[in-house]
Amino acid sequence: MLPYCDERGNLTLNPNTPEAGKVIGIVYITVGLVGIPVCAFVFYVFSRPHLFKFHCYKLLTITTATDTINLITCALVAGIASLTGLTYCADKHYWFYLFGYVAVAQWYFYCFSTVVLAFNRMLNFASPRWSDKVFGGKKIWIWIGFEFLYPILGLLVEPTFSVYIPNSGGYIDAEPSNFHIVQNVAKTVFVTTCYAIMLVCLFRLYRISSSSAVSDQIAVSLQTFGVAILGDICAVGYLTATYFPKDSLIGDYIHIIGCATWIAAHVGSGLIYLVANKSVHGTLRKLVKTKIGPVYVTGTRQPSRP
474 MLPYCDERGN LTLNPNTPEA GKVIGIVYIT VGLVGIPVCA FVFYVFSRPH LFKFHCYKLL
534 TITTATDTIN LITCALVAGI ASLTGLTYCA DKHYWFYLFG YVAVAQWYFY CFSTVVLAFN
594 RMLNFASPRW SDKVFGGKKI WIWIGFEFLY PILGLLVEPT FSVYIPNSGG YIDAEPSNFH
654 IVQNVAKTVF VTTCYAIMLV CLFRLYRISS SSAVSDQIAV SLQTFGVAIL GDICAVGYLT
714 ATYFPKDSLI GDYIHIIGCA TWIAAHVGSG LIYLVANKSV HGTLRKLVKT KIGPVYVTGT
774 RQPSRP
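Per the numbering used here, the sequence shown runs over residues 474 to 779.
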């Protein structure tokens, strides 16, 4: 018998509030159907050859891909599970138990990709020479390779899976995971430190030069900084959902808080790039103009007065 399942195929952690689950499901699915296309579009723009040739955009392409994938898990799959009452306890839904490992791996992937991106942005402004030594040439692909290997390493070090509780609207670790706790805390501290150093370097650089190239670099870096803040909130939110005392004032809401911050981190990332990134909203404008086509205004010429 799988963890937290009773003999009747019910998830023992799931409260008997199916109506709440339906509301949660509708909200999650709605947000997912908005956020997933946004993140997918950002991924499309960043992966275009004229941007992908830059190290920063290679890393951004990976992180926006993880945004899209994580949203499928935390918004779409979670929403469907809440709407239908789906749990892994029924034999025919055993795949959902295995999916719990995939959910953890996706989160590990996202965390490490944001760590690499933060390190890249910090080095780019703190020491361009070292940035080229660490990320230059084909070395960037080594870092991307590490991003793919990291979630596998995490699950090998301490295998754990996420349990989704439909009527509470949240994922939690099936068992306490020291690796998950340490990596969330370490990721938050490291990323925050990197961007703090980057901001100091940006301030100094902006005082020296305000060229177009520098301004573009600063703009992209500030966008990644905003995304990093959302990621930090999400990391704390997930730990809160899993390990915060259930008898606290927010005990009834911690699961939905954890999942909501997870969703917000990835939807927010897509929206930040959609609004603030020149390449993204420039491409969007071109697509809209192409689809609508040129607009011609016609009218009757008024006769001139005698």
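In this text, a Cβ means the ideal position worked out from N, Cα and C, and glycines have one as well.
Once DSSP output is grouped into helix, strand and coil, what is the label at Cys562? As a first step, residue 562 is located in the sequence shown; it is residue number 89 there, counting from the start. Looking at Cys562 - three-state DSSP - the assignment turns out to be coil, as it is neither helix nor strand.
Can you find the residues in the same chain that come closer than 8 Å, C-beta to C-beta, to Leu596, ignoring five residues on each side of it along the sequence? As a first step, residue 596 is located in the sequence shown; it is residue number 123 there, counting from the start. These residues qualify, in order along the chain: Trp603, Ser604, Val607, Phe608.
Segment limits, beta strand (DSSP E) that includes Val636: Taking the sequence shown and counting its residues from 1, the one referred to as residue 636 is at position 163. Following the DSSP letters along the chain, one finds Val636 inside the beta strand (DSSP E) bounded by residues 635 to 638.
Could you tell me which whole alpha helix (DSSP H) segments of length 4 or greater appear in the region 703 to 767? 727 to 749, 751 to 765
Pick from Glu648, Gly642, Ile535, Leu712 that is closest to Pro488, judged by C-alpha positions: As a first step, residue 488 must be located in the sequence shown, where it is residue number 15. Pro488 has its Cα closest to that of Gly642, out of Glu648, Gly642, Ile535, Leu712.
Considering only C-alpha positions, which residue in the set Tyr517, Leu475, Met474 is nearest to Leu760? On the sequence shown, residue 760 is found 287 positions in, with the first residue counted as 1. Checked all of Tyr517, Leu475, Met474; the closest Cα to Leu760 is Tyr517.
For Tyr581, does the three-state DSSP call read helix, strand or coil? In the sequence shown, the residue the question calls residue 581 occupies position 108. Residue state, collapsed to three classes: helix.
Three-state secondary structure (DSSP) at Asp646? Your numbering for residue 646 matches position 173 in the sequence shown. The answer is strand: DSSP assigns Asp646 an E or B state.
The alpha helix (DSSP H) with Ile615 in it runs from where to where? By 1-based counting over the sequence shown, the position of residue 615 is 142. Per DSSP, the continuous alpha helix (DSSP H) segment holding Ile615 begins and ends at 612 to 630.
Expected contact under 8 Å - CB spacing of Thr633 and Ala647 to nearest Å: For this step, residue 633 is matched to residue 160 along the sequence shown. For this step, residue 647 is matched to residue 174 along the sequence shown. Contact flag correct, Cβ pair sits at about 6 Å.
Rounded to whole angstroms, what is the Cα-Cα separation between Trp614 and Gln690? Counting from 1 along the sequence shown, the entry for residue 614 is found at position 141. Counting from 1 along the sequence shown, the entry for residue 690 is found at position 217. Taking the straight line joining both Cα atoms gives about 21 Å.
Per DSSP, cross-strand counterpart(s) of Cys478: Taking the sequence shown and counting its residues from 1, the one referred to as residue 478 is at position 5. For Cys478, which the question treats as bridged, DSSP gives the partners Leu484.
Option nearest Thr490 by Cα separation, candidates Asn640, Cys667, Val496, Arg758: Within the sequence shown, numbered from 1, the residue matching residue 490 stands at position 17. If we check each option's Cα against that of Thr490, Asn640 comes out closest.
Just to confirm before moving on: does the CB-CB distance between Gly498 and Leu556 stay below 8 Å? As a working note, residue 498 is residue 25 in the sequence shown. As a working note, residue 556 is residue 83 in the sequence shown. Cβ distance < 8 Å, so Gly498 and Leu556 count as in contact.
Counted within 10 angstroms of its Cβ, other Cβ atoms place Ala781 as buried (16 or more) or exposed: Here the chain comprises residues numbered 474 to 779, so residue 781 is not present and cannot be evaluated.
Tell me which residues share the same chain as Thr546 and place their Cβ nearer than 7 Å to its Cβ, disregarding the 5 neighbours each side in the sequence. Mapped onto the sequence shown, residue 546 falls at position 73. The answer, listed in chain order, is Ala576, Gln579.
Can the beta-carbon of Leu590 be found closer than 8 Å to that of Ser752? Against the sequence shown, residue 590 aligns to sequence position 117. Against the sequence shown, residue 752 aligns to sequence position 279. Contact: no.
Lys660 by DSSP, collapsed to three states: which one? Counting from 1 along the sequence shown, the entry for residue 660 is found at position 187. In the structure shown, Lys660 sits in a helix (DSSP, three-state: H, G or I).
What residue range is occupied by the uninterrupted alpha helix (DSSP H) comprising Ala548? To locate residue 548, count along the sequence shown from 1; it is residue 75. No alpha helix (DSSP H) holds Ala548; DSSP gives it neither H nor E.
Considering only their Cβ atoms, is the gap separating Val515 from Leu678 smaller than 8 Å? Numbered from 1 along the sequence shown, position 205 holds the residue referred to as residue 678. Numbered from 1 along the sequence shown, position 42 holds the residue referred to as residue 515. Not a contact, by the Cβ cut-off of 8 Å.
Would you call Arg758 buried or exposed, if buried means 16 or more other Cβ atoms sit within 10 Å of its Cβ? Residue numbering aside, residue 758 sits at position 285 when the sequence shown is read from its first letter. Under this definition Arg758 is an exposed residue.
Would you identify the three-state DSSP class for Asn489, choosing helix, strand or coil? For the purposes of this step, residue 489 is taken as the residue at position 16 of the sequence shown. Residue state for Asn489 is assigned as coil, using DSSP reduced to three classes.
Taking Cβ to Cβ, would you say His728 is nearer than 8 Å to Asn543? Numbered from 1 along the sequence shown, position 255 holds the residue referred to as residue 728. Numbered from 1 along the sequence shown, position 70 holds the residue referred to as residue 543. No, these two residues do not count as a Cβ contact at 8 Å.
DSSP three-state assignment for Lys526, whether helix, strand or coil: In the sequence shown, residue 526 corresponds to position 53, counting from 1. Assignment of Lys526 by DSSP, reduced to helix, strand and coil, places it in the coil class.
Report the three-state DSSP secondary structure of Gly699 (helix, strand or coil). By one-based count along the sequence shown, residue 699 stands at place 226. Of the three classes helix, strand and coil, the one that applies to Gly699 here is helix, per DSSP.
Since Tyr581 and Gln656 are thought to touch, with beta carbons under 8 Å apart, how far apart are those beta carbons, to the nearest angstrom? The count along the sequence shown starts at 1 and reaches residue 581 at position 108. The count along the sequence shown starts at 1 and reaches residue 656 at position 183. That belief holds up - the Cβ atoms of Tyr581 and Gln656 are roughly 7 Å apart, short of 8 Å.
Where Ser641 falls: helix, strand or coil (DSSP): Along the sequence shown, read from residue 1 onward, the residue named residue 641 stands at position 168. Coil.
Go ahead and pull the three-state DSSP assignment for Ser520. Locating residue 520 in the sequence shown gives position 47, counting from the first residue. Coil at Ser520, not helix or strand.
Member of Ala548, Ile654, Leu549, Ala563 whose CA lies at the smallest distance from the CA of Leu475: In the sequence shown, counting from the first residue as 1, residue 475 sits at position 2. Nearest of Ala548, Ile654, Leu549, Ala563 to Leu475, Cα basis: Ala563.
Please check the pair Gly424 and Gly508, which I expect to be a contact at CB under 8 Å, by giving their CB distance rounded to whole angstroms. There is no way to answer for residue 424, as the model of the chain reaches only from 474 to 779.
Identify, in the order they occur along the chain, each residue of the same chain with its Cβ nearer than 8 Å to the Cβ of Leu532, setting aside the five sequence neighbours on each side. Looking up residue 532 in the sequence shown gives position 59. The residues are Ser586, Val589, Leu590, Asn593, Ile613, Trp616, Ile617.
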